[in-house]
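Quick notes on the structure that follows.
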Amino acid sequence: MENRKIQFRSKACNLHLSAYPGHFATKHSHVNYFLDMTTLKVRQSNAEEAARALVPLYKHNTVVDTIVCLDGTEVIGAFLAEKLTESGFFSYNQHKSIYIVTPEIDSDGQMFFRKNIQPMIKDRNIIILMASVTTGITINRSWECIEYYGGKLQGISAIFSTLSEYGNLPVNALFTPNDIPTYHTYDKHDCPYCKSGQKIDALVNGHGYSTTEQMGYGSISFFVCFLLMNRNPFQNFTLGFYELFIFFPAVLLIFQRDILWCYALYKFPDTFSDKRLMQINMTGMVICKAK
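Residues 1 to 291 (the working numbering) are what the sequence shown spells out, left to right.
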């Protein structure tokens with residue numbers, strides 16, 4: 001994929017975003033670009049510039065006590081807290097400093113905060129910081145989580161967003177479709193690439209991508225994947241049996257990514273359209289075909 005790399009420049013700041021055209025599946029949709037935000041999130045100079053560009057997008061009467069970081073945006077979050085404090089944004093925290101926290105996510109995608117982190121959410125004014133926003137589903141899930149623990153959402157920030165607002169709040173983004181005019185997102189049930197029979201290049205999320213070529217090979221792996229996908233031989237057992245006696249021992253013994261890939265397909269089947277057939281062949285390669 002490296003030879004497809006394209007650079008886009010933000011109209012909001014002096015930052016560039018690397019993008020790779022193709023057919024990619026996120027957890028909630030299909031997109032025609034993978035946006036590589038790695039350097040923006042982990043390089044000190046880029047993260048600081050990103051944070052500096054986000055500050056003017058907030059009104060000065062916005063109260064910020066906590067920044068909830070998703071998709072590995074903690075470095076930007078730390079700089080954002082610093083820049084907001086320097087710019088005179090008010091915080092109700094006793095120490096006049098902003099918390100930077102990250103929720104945990106369980107195997108079903110449910111967000112939660114541990115007991116020691118919950119005081120930083122309860123009765124706090126909160127900003128969500130994300131890598132990308134396409135459908136708004138993650139925002140909604142984060143918002144519900146924050147409200148469940150007693151927090152009050154005051155703002156939403158992202159490196160890239162196709163949405164200009166969500167609910168009654170604007171989505172403050174460094175990159176928008178105006179910066180990447182050829183970017184498109186599709187419902188997973190109505191993807192033109194899937195309808196034409198084009199296989200998925202990679203699964204992507206806020207942390208990066210995994211291509212089908214990375215998933216490993218081998219008959220043992222295939223057999224374990226088959227057991228995970230086909231519940232009939234052990235239909236009287238619960239999912240816990242699979243995870244405990246098949247999936248985890250396979251990972252420990254084989255150390256191949258195809259097990260993780262196929263488990264992800266098994267665990268999150270809704271990532272792929274009902275109109276397409278997912279097949280695992282004897283090499284472990286994932287094939288995506290239209291009916």
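Quick reminder that beta carbons are idealized off the backbone N, C-alpha and C, glycines included. Here the structure is a predicted model, which is why all the values come from computation and not from measurement.
Checklist entry - Between leucine 203 and the ligand FMN, is the CB less than 7 Å from at least one heavy atom? => result Of ligands this structure carries none, so the ligand FMN is not represented either.
Checklist entry - If you follow the alpha helix (DSSP H) that leucine 84 is part of, which residue opens it and which one closes it? => result 74 to 86
Next on the checklist: Just to check my reading of the structure: tyrosine 186 and proline 192 have Cβ atoms closer than 8 Å, yes? What is that Cβ distance to the nearest angstrom?
Outcome noted: 7 Å
Checklist entry - How long is the line joining the alpha carbons of leucine 40 and phenylalanine 112, rounded to whole angstroms? => result 26 Å
Checklist entry - Are the beta-carbon atoms of tyrosine 149 and isoleucine 121 separated by less than 8 Å? => result yes
Checklist entry - With a cut-off of 8 Å, do at least 3 Cβ pairs link the region 101 to 118 to the region 139 to 146? => result yes
Item to check | Length of the line joining the Cα atoms of tyrosine 158 and glycine 77 | outcome: Checking the displayed sequence, the identity of residue 158 turns out to be alanine instead of tyrosine. The straight-line gap from Cα to Cα measures roughly 11 Å.
Item to check | glutamine 198 versus Ile105, Val42, His28, Phe24, residue with shortest Cα-Cα distance | outcome: Phe24
Checklist entry - Considering only C-alpha positions, which residue in the set His60, Ala47, Val64 is nearest to asparagine 14? => result Ala47
Checklist entry - Which whole-angstrom value is the C-beta distance of glutamine 362 and asparagine 125, which I expect to be below 8 Å? => result The displayed coordinates of the chain run from 1 to 291. Any statement about residue 362 would go beyond what the structure contains.
Item to check | Residue interval of the beta strand (DSSP E) (run including alanine 51) | outcome: Per DSSP, alanine 51 belongs to no beta strand (DSSP E); it is in the alpha helix (DSSP H), 44 to 54.
Checklist entry - In whole angstroms, what is the alpha-carbon distance linking lysine 188 and lysine 96? => result 44 Å
Checklist entry - What are the boundary residues of the alpha helix (DSSP H) that tyrosine 193 is part of? => result 192 to 195
Item to check | 8 Å contact criterion, which isoleucine 137 and histidine 28 should meet: CB distance rounded | outcome: 5 Å
Next on the checklist: DSSP has phenylalanine 112 in a bridge; who is on the other side?
Outcome noted: Glu104
Checklist entry - In this structure, what does DSSP give as the bridge partners for serine 132? => result Phe160
Item to check | Close beta carbons around histidine 30, own chain, < 6 Å, minus the five adjacent residues each side | outcome: Tyr186, Lys188, Cys191
Checklist entry - What three-state label does DSSP hand lysine 294 in the structure shown? => result Look at the range of the chain in this structure, 1 to 291, and you will see that residue 294 is not part of it.
Checklist entry - Do you know how far the Cα of isoleucine 98 is from the Cα of glutamate 86? => result 11 Å
Next on the checklist: What does the Cβ neighbour count give for alanine 81, buried or exposed, with the cut at 16 atoms within 10 Å?
Outcome noted: buried
Item to check | Start and end residues, beta strand (DSSP E) containing cysteine 13 | outcome: No beta strand (DSSP E) holds cysteine 13; DSSP gives it neither H nor E.
Checklist entry - To the nearest whole angstrom, what separates the beta carbons of alanine 202 and serine 196, a pair I think is in contact under 8 Å? => result That belief does not hold up - the Cβ atoms of alanine 202 and serine 196 are roughly 18 Å apart, past 8 Å.
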